[in-house]
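Mapping the sequence shown onto our numbering, position 248 (from 1) lands on 248, and the numbers just tick up by one.
Positions of the beta carbon are idealized from the N, C-alpha and C atoms, including for glycine.
One structure below.
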Amino acid sequence: MNTKEIIELENKFGAKNYKPLDVVLEKGKGIWVWDVEGNKYMDCLAAYSAVNQGHCHPKIIKKMKEQLDKLCITSRAFRNDQLSLFYKDICNLTHSHMVLPMNSGAEAVETVIKAVRKWGYTTKNIDEGKAEIIVCENNFHGRTLTIIGFSTEEQYKEGFGPFTPGFKAIPFGDARALENAITKNTVAFLVEPIQGEAGVIVPPKGYLRAVRDICTKNNVALVFDEIQTGLGRTGKLLAEEHEGIESDVTLIGKALSGGCYPVSAVLSNAEVLGVFLPGEHGSTFGGNPVACAVAREALKVLVDEGMIENAAKLGDYFQKKLKEISSPYVKEVRGKGLLIGVELKHDAGGARPFCETLMKKGLLCKETHEHVIRFAPPLVITKKDIDWALERIREVLIP
Ligand SMILES: *Cc1c(COP(=O)(O)O)cnc(C)c1O
């Protein structure tokens with residue numbers, strides 16, 4: 001089937017909840033992907049950071065195949081020989097005390113909502129049904145009903161109510177707003193260290209440290225959703241390290257499997273995750289042997305192959321070079337590591353046409369919100385690759 005036939009088939013049978021660029025991919029290696037016509041593209045989205053380690057990383061694929069031949073799933077009704085090893089690796093790497101494995105990022109978010117609520121009821125004597133979680137405006141934490149219920153994006157919510165109560169939204173990047181919003185019923189503050197889907201919004205310097213202090217002072221659990229910012233994307237293993245602090249709970253997903261499998265995890269001090277007793281939470285696929293084997297290898301290559309340092313170094317380079325482009329369309333270039341947003345002026349006609357032109361030039365990226373182009377390639381990208389990308393980006397941004 002050619003591109004047109006495949007797209008027609010997809011449109012005929014598929015729900016229309018996405019509006020993808022019309023490129024049909026069939027193969028990937030490192031930062032490169034190929035479409036069904038044999039055209040080659042640089043992937044500057046990296047599946048929203050799920051494939052930080054690069055497409056089809058040979059070591060991850062090998063580990064996965066080995067595990068597939070041995071044992072795929074047991075459910076958590078029995079133990080498997082991979083789970084404890086995954087626990088040990090992830091806790092050592094992130095200095096966590098306890099971990100709960102799930103599959104999608106949204107499931108990790110749902111899990112932490114349950115955990116901090118119960119933690120609040122058992123340790124803070126909050127009246128039943130009154131627990132409150134503070135979130136930020138323009139947040140993105142996934143697509144389940146509870147999660148979209150506390151989104152401030154109309155498009156994510158419209159027509160889907162009623163929603164789960166117990167959330168309060170405050171402006172992102174404003175520590176004083178957090179201080180003012182906390183009540184005796186507040187159990188947690190859930191926040192992305194950099195807002196990804198909102199358009200790569202970097203908070204003011206010192207914000208993470210300030211909210212850490214406020215949460216500590218008020219006995220509120222600080223929960224970082226690092227599903228997109230974590231695992232090397234911003235040039236540190238976790239974005240919280242940029243301000244030398246530790247959350248109480250951190251959520252990771254996406255690149256935890258190097259893009260090979262849905263694996264997410266809730267990482268916590270022992271106190272918050274310690275609230276779960278047998279039977280109170282679970283997932284059929286969570287912590288299965290394939291997920292654990294793949295995640296261990298994905299973490300190993302991320303560290304062993306210097307991808308985190310590469311993201312820091314080349315992220316700085318990429319951002320600096322983007323800032324040097326003198327374009328009448330660009331309002332701002334911002335980001336950290338290899339999570340970069342180029343915000344276009346609002347009269348530039350939206351980011352989508354720019355992404356479509358870049359696609360024709362062999363560079364795949366995607367608009368986020370209307371006016372931002374996000375550049376977030378796999379962390380294995382080289383300086384030469386970035387120069388190649390910059391050449392194309394310049395052609396599109398300079399009329
Ligand atoms: C992608 C993302 C999620 C949701 O992950 P899914 O695997 O799509 O459910 C949650 N939080 C953040 C910050 C994300 O970027």
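Can you round the beta-carbon distance between residue i and residue j to whole angstroms, since I take them to be within the 8 Å contact cut?
i: T186; j: E128; result: Incorrect: roughly 16 Å between the Cβ atoms, too far for contact.
i: P101; j: A265; result: 5 Å
i: A115; j: V272; result: 5 Å
i: I113; j: G120; result: Contact doesn't hold; Cβ gap of about 11 Å is too wide.
i: K254; j: G105; result: 6 Å
i: N80; j: S283; result: Not quite, the Cβ-Cβ distance comes to about 14 Å (not below 8 Å), so this is no contact.
i: H346; j: H369; result: In fact, because the Cβ distance is near 11 Å, the residues do not count as touching under 8 Å.
i: L322; j: A295; result: Between A295 and L322 the Cβ distance is about 32 Å, and since that is not below 8 Å, they are no contact.
i: P399; j: P328; result: 7 Å
i: F318; j: I252; result: About 23 Å; that fails the 8 Å criterion.
i: N269; j: H97; result: 5 Å
Are the Cβ atoms of residue i and residue j separated by less than 8 Å?
i: P378; j: H55; result: yes
i: I170; j: I134; result: yes
i: K124; j: N219; result: yes
i: E367; j: G341; result: no
i: L45; j: R374; result: yes
i: A293; j: Q67; result: yes
i: K19; j: V275; result: no
i: I381; j: I31; result: yes
i: V200; j: D225; result: no
i: T250; j: L267; result: yes
i: A181; j: K168; result: yes
i: H57; j: G206; result: no
i: Y41; j: L390; result: no
i: I325; j: G235; result: no
i: C136; j: F86; result: no
i: V24; j: V36; result: yes
Go ahead and label residue i buried or exposed: buried means 16 or more other beta carbons lie within 10 angstroms of its beta carbon, across all protein chains shown.
i: P203; result: buried
i: L397; result: buried
i: R176; result: exposed
i: M1; result: exposed
i: Y48; result: buried
i: C72; result: exposed
i: D69; result: exposed
i: L320; result: The question names Leu, but residue 320 in the sequence shown is Lys. Its Cβ having fewer than 16 others within 10 Å, K320 is exposed.
i: Q82; result: buried
i: T164; result: exposed
i: R233; result: buried
i: S151; result: buried
i: E240; result: buried
i: K383; result: exposed
i: D22; result: exposed
i: H95; result: exposed
i: N52; result: buried
i: F354; result: buried
i: D43; result: buried
i: L9; result: exposed
i: A77; result: exposed
i: K4; result: exposed
i: D248; result: buried
i: K63; result: buried
i: F160; result: exposed
i: E26; result: exposed
i: G286; result: buried
i: G279; result: exposed
i: A50; result: buried
i: N17; result: exposed
i: E343; result: buried
i: L277; result: exposed
i: A15; result: exposed
Is any heavy atom of ligand 2 found at a distance shorter than 7 Å from the C-beta of residue i?
i: A106; result: Ligand 2 is absent from the structure shown, which contains only ligand 1.
So, does the CB of residue i fall closer than 8 Å to a CB anywhere in chain C?
i: D213; result: The displayed structure is made up of one protein chain only, and chain C is not part of it.
### Task
Could you tell me whether the region 210 to 223 touches the region 358 to 374, where touching means 3 or more Cβ pairs closer than 8 Å?
no
### Query
Is the region 195 to 202 in contact with the region 293 to 313, if contact means three or more CB pairs nearer than 8 Å?
no
### Query
Do the region 322 to 342 and the region 224 to 235 touch if we need at least three Cβ pairs shorter than 8 Å?
yes
### the region 104 to 111 / the region 144 to 155 touching (three or more Cβ pairs under 8 Å)
yes
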